[in-house]
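Worksheet: one structure, shown below.
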DNA sequence: ACGTTGACGACCA
DNA sequence: GTGGTCGCCAACG
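Numbering (the working numbering), first residue to last: 15 to 127.
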């Protein structure tokens, strides 16, 4: 298993209950700022295994964009069960629920996602 | 080894 | 708000 993959798994496991992270964030923290797609791919193949809180991961728009309807619905339910309100259209409020590490790059702080 | 794929992201019209 | 292109890079066939 690649170090990047391992990092991604660890980071996801560190997301606290009631918070969410974006694919891009995770990729960046894992050491591959442009590796958002790899994060997605890892989840796609590893979600069922590794008892992973994958439902706390959404895209940069705070939206759940999973193709499989059942999986997406499952994610939505798990988020709301943790107190994360999911708006119509499957959007979550990133400003409110986004989880940030203790140390965040300055560039990211300026950015108003 | 090589070409394709993809739970994405940023940018532009 | 919508819809399109391009880049990214590990996993897969």
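For every residue, glycine included, the Cβ atom is placed at its ideal position computed from N, Cα and C.
Remember, it's a predicted structure, so these values are computed and weren't measured experimentally.
Next item on the list: Determine the direct distance from the alpha carbon of residue 82 to that of residue 91, and round the result to whole angstroms.
Entry: In this structure, the alpha-carbon of residue 91 lies about 15 angstroms from that of residue 82.
Note to self: Quick check on the DSSP output: the alpha helix (DSSP H) that includes residue 18 runs from which residue to which?
What the structure shows: Here the alpha helix (DSSP H) through residue 18 covers 17-27.
Note to self: Counting C-beta neighbours from all protein chains within 10 Å, is the total for residue 70 16 or more, i.e. buried, or is it exposed?
What the structure shows: So residue 70 counts as buried.
Next item on the list: Starting from the C-beta of residue 96, find all residues in its chain whose C-beta is less than 7 angstroms away, skip the five residues before and the five after it, and write them out in chain order.
Entry: Apart from sequence neighbours up to five positions away, the residues of its chain that approach residue 96 with a beta-carbon distance below 7 angstroms are 31 and 32, ordered along the chain.
Check: How about residue 115 and residue 37: do their beta carbons lie closer than 8 angstroms?
Finding: In this structure, residue 37 does not lie closer than 8 angstroms to residue 115 by Cβ.
Check: Do residue 19 and residue 56 have their C-beta atoms within less than 8 angstroms of each other?
Finding: Taking 8 angstroms as the cut-off, the Cβ atoms of residue 19 and residue 56 count as close.
Notebook entry, point to check: Around the C-beta of residue 15, are 16 or more other C-beta atoms found within 10 angstroms, so that it is buried, or is it exposed?
Noted result: Counting the other Cβ atoms within 10 Å of the Cβ of residue 15 gives fewer than 16, which makes it exposed.
Margin query: Let me make sure I understand the geometry here. Which of 86, 99, 41 and 23 has the alpha-carbon closest to that of residue 51?
Written below: Between residue 51 and the set 86, 99, 41 and 23, the nearest pair of CA atoms involves 41.
Next item on the list: In angstroms with no decimal places, state the Cα-to-Cα distance between residue 24 and residue 58.
Entry: Cα-Cα distance, rounded: 16 angstroms.
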